[in-house]
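Those protein sequence lines, which keep their order, are chains E and U.
To convert a position in the first sequence, counted from 1, into the working numbering, add 1.
To convert a position in the second sequence, counted from 1, into the working numbering, add 1.
For every residue, glycine included, the Cβ atom is placed at its ideal position computed from N, Cα and C.
There are 2 protein chains.
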Amino acid sequence: MSVVAKSASEQTRERLLDAAREVFSQCGFQGATVREICRRADANVAAVNYHFGGKDALLAEALNFAPLRALQEDNVTADACPRVRLRLFIHGFLRMLLDEKNASAQCQIMARELADPTPALDKIVREAIAPLHTYLGTVVREIVGATVSEADCRRGVHSIVGQCMYYRHSQPVLQRLRPKLNYTPKEIEAIAQHIAEFSLAGLAQLAITSR
Amino acid sequence: MSVVAKSASEQTRERLLDAAREVFSQCGFQGATVREICRRADANVAAVNYHFGGKDALLAEALNFAPLRALQEDNVTADACPRVRLRLFIHGFLRMLLDEKNASAQCQIMARELADPTPALDKIVREAIAPLHTYLGTVVREIVGATVSEADCRRGVHSIVGQCMYYRHSQPVLQRLRPKLNYTPKEIEAIAQHIAEFSLAGLAQLAITSR
DNA sequence: TTGAATTTCAAACAAGCGTTTGATACGCTT
DNA sequence: AAGCGTATCAAACGCTTGTTTGAAATTCAA
Chain E
2 MSVVAKSASE
12 QTRERLLDAA
22 REVFSQCGFQ
32 GATVREICRR
42 ADANVAAVNY
52 HFGGKDALLA
62 EALNFAPLRA
72 LQEDNVTADA
82 CPRVRLRLFI
92 HGFLRMLLDE
102 KNASAQCQIM
112 ARELADPTPA
122 LDKIVREAIA
132 PLHTYLGTVV
142 REIVGATVSE
152 ADCRRGVHSI
162 VGQCMYYRHS
172 QPVLQRLRPK
182 LNYTPKEIEA
192 IAQHIAEFSL
202 AGLAQLAITS
212 R
Chain U
2 MSVVAKSASE
12 QTRERLLDAA
22 REVFSQCGFQ
32 GATVREICRR
42 ADANVAAVNY
52 HFGGKDALLA
62 EALNFAPLRA
72 LQEDNVTADA
82 CPRVRLRLFI
92 HGFLRMLLDE
102 KNASAQCQIM
112 ARELADPTPA
122 LDKIVREAIA
132 PLHTYLGTVV
142 REIVGATVSE
152 ADCRRGVHSI
162 VGQCMYYRHS
172 QPVLQRLRPK
182 LNYTPKEIEA
192 IAQHIAEFSL
202 AGLAQLAITS
212 R
């Protein structure tokens, strides 16, 4: 057996994982049903329990934080000043959250679960969100300087992440407010531009107030 | 029968509504169960269907946008400049979202449903969120002036609302990031201060860029 | 090719859900 | 007190959920 050719069993596993990422990110953990996942994967209802042991374990395996980690690593090695790095990060983060055609869309499962604790939330926070906040904290710190308090620094991170998440999380609402809304790459870039502009000014204000 | 003394039936109705607001805002529409609502209301499982006709109709009656409307009306009549009115609004809005002891906590049901469309979401958007965005749009417009595009103005509103919602919506995550987190009135005021400061600077930047 | 191990499948299971039912208890007018 | 409409109740219904089962199909080494 070559490296690329997978056994039938492995193929089923991967089809299940792909379908799971799709359904989990669209419907959330509770809303997703094992039957729907198996239907999309052209597999039997029992396949999830046979290959993974249960719905919980399937979610745990479906999670993939690599794209988010890659975004951070690309950003930290980018040869640019903190402000530009923040711009780049916001743009990449929004692409991850909003662009369904993006390969990194796997992280959308994560966003779906933030408000609704599932057995996997502890893992998500530990391995993805905490590092994200820590990293953004260092970038924000570089921008605002040493005079800003730790609490203000953290709230600055929250302001940035909160703005990004809003477009993902409140999509059903925004869709109803503006039915023509569509997250094209162009629209995503415009949103990223806005959030970066808005936030850099906000951070600058933090630095001023703390003087 | 006097105005204050309610019949036994009306008392049951009100106990059900109170319990429903509690459970819906804590668990969401799907997560909430009729049995749990009735348990907290000391009522029979059949009570919801007898008094309201079903779980959907109970949610529709449990919704109460009066506090949110009152916040807008108080704000529009406040004798203050747009910037101060924005500060006041953000503070009141956050109290509504985060302070469980607040009487206006009924609007927390609303926040719970934003990401997860239910039969009532259309009503929520039409009667609560759309007016909220419209009103905030006028305040933001007063602050940034006429040179800023309609799209930038709308994104400014999103930035403000997004920051506020983040603290409510991502509470399970923030709780895990900082276990000591507690939304005391003092903490809420500090958050409101931060968001107002941050956003006013962001809005000012919008005005500068559009020149 | 054969035979054991792995994988798939239709079917059924137990538990939970919203809802319905028919009997019972209650409140109120007569 | 009797009668009647309303409200409550335990029980059950129909449905969906995640999971289990045991037989059938497939895979793969010997």
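- In summary, residue 10(U) is exposed, with fewer than 16 beta-carbon neighbours lying within 10 Å of its beta-carbon over all protein chains present.
- Per DSSP, the unbroken alpha helix (DSSP H) holding residue 123(U) starts and ends at 122-125.
- If the five residues before and after residue 184(E) are omitted, its C-beta is found closer than 7 Å to the C-beta atoms of 99 and 100, all from its own chain and listed in chain order.
- Here residue 113(U) has 26 and 29 as same chain residues with Cβ atoms under 6 Å from its own Cβ, once five neighbours each way along the sequence are excluded.
- The region 114-124 of chain U makes no contact with the region 82-102 of chain U, as fewer than three CB pairs between them are under 8 Å.
- In the DSSP assignment, residue 19(U) falls within the unbroken alpha helix (DSSP H) covering 9-32.
- Non-local C-beta neighbours of residue 146(U) in its own chain, meaning closer than 6 Å and more than five positions away in sequence, comprise 208, ordered along the chain.
- For residue 67(U), the closest C-alpha among the options 51(U), 125(U), 161(U) and 205(U) is that of 125(U).
- In the structure shown, residue 63(U) falls within a helical segment according to DSSP collapsed to helix, strand and coil.
- Around the beta carbon of residue 200(U), 16 or more other beta carbons sit within 10 angstroms, so the residue counts as buried.
- In the structure shown, residue 71(E) adopts helical secondary structure according to DSSP, grouped into three states.
- Under the Cβ distance rule, residue 134(U) counts among the residues neighbouring chain E, one pair being separated by less than 8 Å.
- Setting aside the 5 residues that flank it on each side, residue 110(E) is surrounded in the same chain by 22, 25, 26, 63 and 64, each with a C-beta closer than 7 Å to its C-beta; the list follows chain order.
- The continuous alpha helix (DSSP H) containing residue 48(U) extends over residues 48-52.
- Along the region 92-139 of chain U, the alpha helix (DSSP H) occurs as fully enclosed runs of 4 or more residues at 109-114 and 122-125, listed in sequence order.
- Taking C-beta atoms as the reference points, residue 191(E) and residue 91(E) fail to come closer than 8 Å.
- Under the 10 Å beta carbon count, residue 153(E) is surrounded by 16 or more other beta carbons and is classified as buried.
- In this structure, the beta-carbon distance from residue 69(E) to residue 165(E) does not fall below 8 Å.
- In this structure, the alpha-carbon of residue 123(U) lies about 25 Å from that of residue 172(U).
- Secondary structure note for residue 186(E): its alpha helix (DSSP H) is the uninterrupted segment 186-210.
- Neighbours of residue 199(U) across chain E, judged by C-beta separation under 9 Å: 156, 157, 160, 199, 200, 202, 203, 204, 206 and 207.
- Per DSSP, residue 153(U) is one residue of the alpha helix (DSSP H) stretching across 151-170.
- Straight through space, the alpha carbons of residue 46(E) and residue 36(E) are spaced by roughly 6 Å.
- For residue 171(E), at least one C-beta of chain U is nearer than 8 Å to its own C-beta.
- Annotation: residue 138(U) has no Cβ neighbours in chain E at a cutoff of 9 Å; minimum Cβ distance is about 11 Å.
- If the five residues before and after residue 38(U) are omitted, its C-beta is found closer than 7 Å to the C-beta atoms of 17, 20, 21, 24 and 49, all from its own chain and listed in chain order.
- For residue 40(U) and residue 14(U), the gap between their C-alpha atoms comes out near 13 Å.
- DSSP places residue 179(E) outside any alpha helix (DSSP H), giving it a letter other than H or E.
- Rounded to the nearest whole angstrom, the C-alpha separation of residue 179(U) and residue 115(U) is 25 Å.
- Spatial neighbours of residue 133(E) in its own chain (CB-CB distance under 8 Å, excluding positions within 5 residues in sequence) are listed in chain order as 69, 73 and 162.
- Using beta-carbon distances, residue 24(E) does not count as an interface residue toward chain U, since no partner is under 8 Å.
- A straight-line Cα-Cα distance of about 26 Å links residue 106(E) and residue 157(U).
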